[in-house]
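Here the structure is laid out as structure tokens; the discussion comes afterwards.
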Amino acid sequence: MLQPMLASPAPSLAELPRGPQWAYEIKWDGVRALADTTGGRLRLWSRNGNDVTAAYPELGGLGALPDAVVDGEIVAMAAGVPSFAALAARMHVRDAARAAALARSQPVTFVVFDVLTWQGRDVTGRTYDERRAVLDLLPLVDQVQPSPVYPDGDTLWQVTRDHGLEGVVAKLRTSTYQPGRRSRDWVKLPHRRNRTALVGGWREESAGTGRLGAVLLGARDDGGALRYLGRAGSGLAGPLATAVRGALAEHARATSPFDDPVPATDARGTHWCEPLVVVDTLYLSRTPGGRLRQPVVRGVRTDTGPDPWEQE
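Heads up, the sequence shown is in this note's numbering, so the first residue is 4 and it goes up one at a time.
Encoded structure:
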């Protein structure tokens, strides 16, 4: 199964790598995908190996790539900046007519930033700079663009913050592409931290309404125990609340799935569920006990699994 290379998090701006041996790119607020034209047809693979080609018919121009596999981010724009919320309506659509209608009303862009195979040849062993030179050969097609490269991480950090972008990724210019590995050769620093989490329970907006008001989030540690990340209610409104509530409907259980004790204030009135639904969240930081500070739910994820407990 094709798997993308992953970046390691930088704890702070002070620890973002610096120097001429590093290149800097924007951290795009979208969905990671590999575009694969080996075998003579286009397939878009999600981070967990699902075929998501049908969801994005406007990216059909990627079929012009010459027997290649390229790495990038599927991005939807809102008010001039990438918006995960705008993309959420597209992620789970597989009906061809519905996908075509959304492609016309809310098109996505594929931002390409690396290459694994080109003209049938594996180029993962080449350096970052060499692979970026290969990307200069990309055919010009609609809804596809290369991710720009910048020489100064501090300046890019400030610019991305001022323009409401997600953050910065530093990449070692001599690094090879390491499929499926989280490497220190790539280092990411978002303005707000992001993680995917499991939902272990939900609370109603008001007692007896059945409307979703908050979810209880968790992550598994190295031993497989489900640890408690905290309660999140921000972001759960309108279609998103309906989508999350619908995803949880079939997974009810009578008792808490968490191996950690859940505080009484969070457990009171909670409807417990099997921890099978994955949601995307933003948060400021984590407490010493591992809870998320000011978490915001952004959508249900089926393209990737939950992040482990230890990941910041």
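For each residue, glycine too, the CB sits at the ideal point set by N, CA and C. Computed from a prediction, not measured in an experiment: that's the story for all the values here.
Asked	Found
Every unbroken alpha helix (DSSP H) inside the segment 68 to 95 [4 residues or more]	87 to 94
DSSP state of Asp269 mapped onto helix, strand, coil	helix
With 16 other Cβ atoms within 10 Å as the buried cut-off, status of Val245	The residue asked about is misnamed: residue 245 is Thr in this sequence, not Val. Classification of Thr245: exposed, given that the 10 Å Cβ count is below 16.
Between the CA atoms of Asn197 and Tyr286 - distance to the nearest angstrom	6 Å
Cβ-Cβ distance between Ala222 and Arg206 below 8 Å	no
According to DSSP, residues forming a beta bridge with Tyr153	Tyr27
Meets three-Cβ-pair contact criterion under 8 Å: the segment 119 to 139 and the segment 70 to 77	yes
Cα-Cα separation between Gly183 and Ala267, rounded to whole angstroms	39 Å
Residues of its chain near Ala38, where Cβ-Cβ distance is below 6 Å and the 5 sequence neighbours each way are ignored	Leu47, Leu65 and Val73
Integer-rounded CB distance, given that Lys174 should sit under 8 Å from Glu28	7 Å
Continuous alpha helix (DSSP H) stretch holding Ser403: start and end	A question about residue 403 goes unanswered here, because the residues of the chain that appear run from 4 up to 315.
Expected contact under 8 Å - CB spacing of Pro311 and Ala235 to nearest Å	At roughly 18 Å, the Cβ-Cβ gap does not stay under 8 Å, so Pro311 and Ala235 are not in contact.
Residues near Asp263 by beta carbon distance below 7 Å, same chain, minus five either side	Arg230 and Tyr231
Contact check, Ser150 vs Val111, beta carbons under 8 Å	no
Three-state class that DSSP yields for Thr199 in the structure shown	strand
Buried versus exposed, by CB contacts within 10 Å (16 or more), Arg124	exposed
Classification of Ala36 by the beta-carbon crowding that lies within 10 angstroms, buried from 16 upward	buried
Cβ-Cβ separation, Glu277 to Arg256 (assumed contact under 8 Å), whole Å	6 Å
Pairwise C-alpha distance: Leu192 and Ala10	9 Å
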